[in-house]
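Following numbering that gives the first Met the number 0, the numbering of the sequence shown begins with 0 at its first residue and continues without gaps.
Beta carbons: idealized from backbone N, C-alpha and C, even for Gly.
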Amino acid sequence: MNEIIKKVFDGRYIFIKKLGEGGMGEVYLVETNDRLKHQRAIKAFSINQTVGQDVLHEAFVLKALEHEGIPRIIEIKECIDIQYIFIVQEFIEGITLEAILEDNKKIKDKVVYEWGEQLAKIIQYIHGKKVLHRDIKLENIMLTSEGVIKLIDFGIAQKSNELVKQAYTPKYASPEQHKGGVLNESSDIYSLSMVLCHLLTGKLPILNENLDAYAFVPKLDADHYMSGLVTIIKKGLEISPRKRYQNSRALVKDFNRIHKLTKDYKRYVWRRDLAVGFTILLMVSGSILIYGGKEQLAYEAEVEYSALCQEANDLIYSNQDYDQAKLVLEEAQRIFEDRLSTYAIEAELLLHQKDYEAVLIHMNQLNTAFDLSRQDRLYYIWGTAYFELEDYENASFYIGLAYESAPYEEVYLRDYGVSSARNNDYVTSEKMITALKEGSYASDISFYVTAEYFMATNQYEEALDDFRRALDSSQDMEIIERCYLSMAKLYKSQQSILDPYAEKRVQVLEEAKEVLNRKDHRILMEQLGEAYFDYGRLSDDEDVKNQALNNALNTFNTLIELGNHQIHIYQNKLIIHQLLKDYQEVEKTIGEMLNLFPNQVSVQYQLVWHHLIVENDKEINERDYSKVLKAFNGIHNYSDVDYKQSDYIQLKGFMEELIINRWVDAADVKWN
């Protein structure tokens, strides 16, 4: 076969070794005959003319598939003279789930969930291309060293009488497949569910003598396993196709909302982008064999790397210990510095820390160092950072890339629709709304995106109605939070036109605080403080004004107690104390700001203005501008003073008046 491959492909591939063989042909490992030395797998099918047309048809259908979870077919060659068809495809380095299960007897439910979610999305993609796999089994599923699940060996040439017996494996096949009936999406879903059942319990089903049903299916007890996962598997294993998931989109939907199907389930993010699949490497004893590869991976390094990745995930999602997570990631990167996995986790870390500028810097660095073309989650993180920074043009661009890579992902549909609406791309937003309404997606998401669309197009009453519909139908705390914050934003945009909206803004944020039950929610508390401030500032009623300003003050103090020491929080406090004419608190707050922000000349300006206001409020014979003089001179101690800035020019004018009126001595004043 070495010489045949060399001749067929004009010497473009160098034969390495035979990987295996089956009823339909043989598989060989080759590498490209160039400087890149890319490894490829070549499948050689020995067939007659009738069968050849079926194989060719199926091969060209599969060649059109482009998904991270499917080996890419690179080229197809038909050699009529020797009655062979050659299919060159991406070589997958990894280990089959069959081999993993043999070593571990059964797999933890969280890992089965992760694999099941990836597989569901793969079959959703192929079903969307009108392709059935027809032979989903443990042997046909591989796990790469990056934690990515790959679905291999599609059941080629089902129509052929000679090959139909090779097209499926009885122990995973659906009842209708045993009977030779018509197959559809639910048939693949059945096989996938049986695979998950086998992984979870470590037991195989037992077929009855007629091969039309199972005499025994391993018992799935929701008390022993993740109940949401059990619910999914049981529905997928219904004997009647009508009772199963009717399409893979519905299956993916249930995987996406598994936290709603599982009792007492604390949402935890397991994603292939974070290399969570690496946890399986901890289960494999001895060395980890690379399927058909040239060498074995260093076991101890892989295990340590895997454990560190998992530890970093736990620190981010369970413990919110971001500093320790960073240290763990750095340790993992010292083991394998050129792997994307840890850098992807770091992107998640920065996003959780709400350090959006740092996310952008990090993502630009990753984009330079790695090929991100199939990293939909990373594109989503990139877009989310822009979204939070209110750069909706870039947000919609990167979230759009994520959506194009995985159009079935609910969160991508949602945020692509919202960011497009806010970017005034109403056509795209409308398309996402239509996709949400026509697909098997939760109604709360559709209501939310529609509300954002109405708000962007200035249809405010319609927007408020749909925000309320989303709130009434949702149990998703992220959707609920977004609805409240967007409603508050809507009221804020209108409050200068209609003052009652200032009160409504306060009311909706107070409602949000109660519903979300999060007094430590910084964004919510910050917006609530600003809402109270605006409400008090706009009110003509002195009592309402004072009450609202004091509520704002209490809210900002709570934020500071929570560790939010951003300068604008203190500036808001300062303005409120000034409005309430509580000069002692004004001076105290400025003192705190000078200690916290020693390089901010704007704080020094505030001190000068404060002393000017205090002295000007006094009777003439009681005034003493020495504090004003000292504060003004202090401005010149800063290195970044802009002497052309309006604040400085105004204060300089006041100082000149004080000199003219003999309140201060010109010789004591510092000038630029």
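Helix, strand or coil at Ser317 according to DSSP, with G and I counted as helix:
coil
DSSP puts Glu89 in a beta bridge; with which residues?
Arg39
For Tyr27, which beta-bridge partners are listed by DSSP?
Lys17 and Ile41
Measuring straight from C-alpha to C-alpha, what distance separates Gly736 and Ser305?
In the structure displayed, the chain extends from 0 to 671; residue 736 sits before or after that span and is not available.
Runs of alpha helix (DSSP H) lying entirely within the region 313 to 365, each at least 4 residues, in chain order:
321 to 334 and 339 to 351
Do the region 87 to 97 and the region 168 to 181 make contact, defined as three or more Cβ pairs closer than 8 Å?
By the criterion of at least three beta-carbon pairs nearer than 8 Å, the region 87 to 97 is not in contact with the region 168 to 181.
Would you mind stating whether Lys234 and Tyr244 have Cβ atoms separated by less than 8 Å?
In this structure, Lys234 places its C-beta atom within 8 Å of the C-beta atom of Tyr244.
Between the C-alpha atoms of Asn423 and Asp443, what's the straight-line distance to the nearest angstrom?
22 Å
How is the alpha helix (DSSP H) around Leu435 delimited, first residue to last?
Tyr425 to Glu437
For Phe386, I'd like the list of residues in its chain whose CB is within less than 6 Å of its CB, leaving aside the five on either flank, ordered along the chain.
Ala394 and Ser418
Excluding the 5 residues preceding and the 5 following Ile568 in the sequence, name in chain order all residues of the same chain whose CB lies nearer than 6 Å to its CB.
Phe555 and Leu558
Measuring only the C-alpha atoms, how far is Lys5 from Asn32?
10 Å
Thinking Glu347 and Asp375 are a contact (beta carbons under 8 Å), I'd like their distance in whole angstroms, please.
With 8 Å as the limit, Glu347 and Asp375 do not qualify as a contact, their Cβ atoms being about 14 Å apart.
Three-way DSSP call (helix, strand, coil) for Tyr12 in this model
Strand at Tyr12.
Can you give, in chain order, each stretch of the beta strand (DSSP E) that sits fully within the region 430 to 497 and has at least 3 residues?
Within the region 430 to 497, no beta strand (DSSP E) run of at least 3 residues lies entirely inside it.
Quick one: Cα of Glu2 to Cα of Arg34, how far?
Each residue's Cα considered, the two are about 21 Å apart.
Suppose the cutoff is 7 Å on Cβ atoms and the five residues either side in sequence are ignored; what does the same chain contact list for Phe44 look like?
Met23, Gly24, Val54, Tyr83 and Ile84
State whether the region 580 to 598 contacts the region 534 to 547, with contact taken as three or more CB pairs (one from each stretch) at a distance under 8 Å.
Output reads no: the region 534 to 547 does not touch the region 580 to 598.
Tell me the rounded alpha-carbon separation between Lys669 and Tyr604.
15 Å
DSSP-derived helix/strand/coil call for Leu236
coil
For the region 509 to 575, list the alpha helix (DSSP H) runs that are entirely contained and at least 4 residues long, ordered along the chain.
Complete alpha helix (DSSP H) runs here, min 4: 521 to 537 and 541 to 560.
Could you pull the start and end residues of the alpha helix (DSSP H) that Lys626 belongs to?
Ser625 to Ile634
Pairwise C-alpha distance: Ile188 and Ser445
26 Å
On the three-state DSSP scale, how would you describe Leu142?
strand
Near His361, which residues of its chain fall below 7 Å by C-beta distance, leaving aside the five closest residues on each side in sequence?
Hits under 7 Å: Glu345, Ala346 and Leu349.
What number of angstroms, rounded off, separates the C-alpha of Thr433 from the C-alpha of Lys512?
32 Å
From the DSSP output, in three-state form, read off Ile219 for me.
Looking at the sequence shown, residue 219 is not Ile but Leu. Here Leu219 sits in coil by DSSP.
Considering Cα atoms alone, identify which of Asp639, Phe466, Ala551 and Phe153 is closest to Phe59.
Phe153
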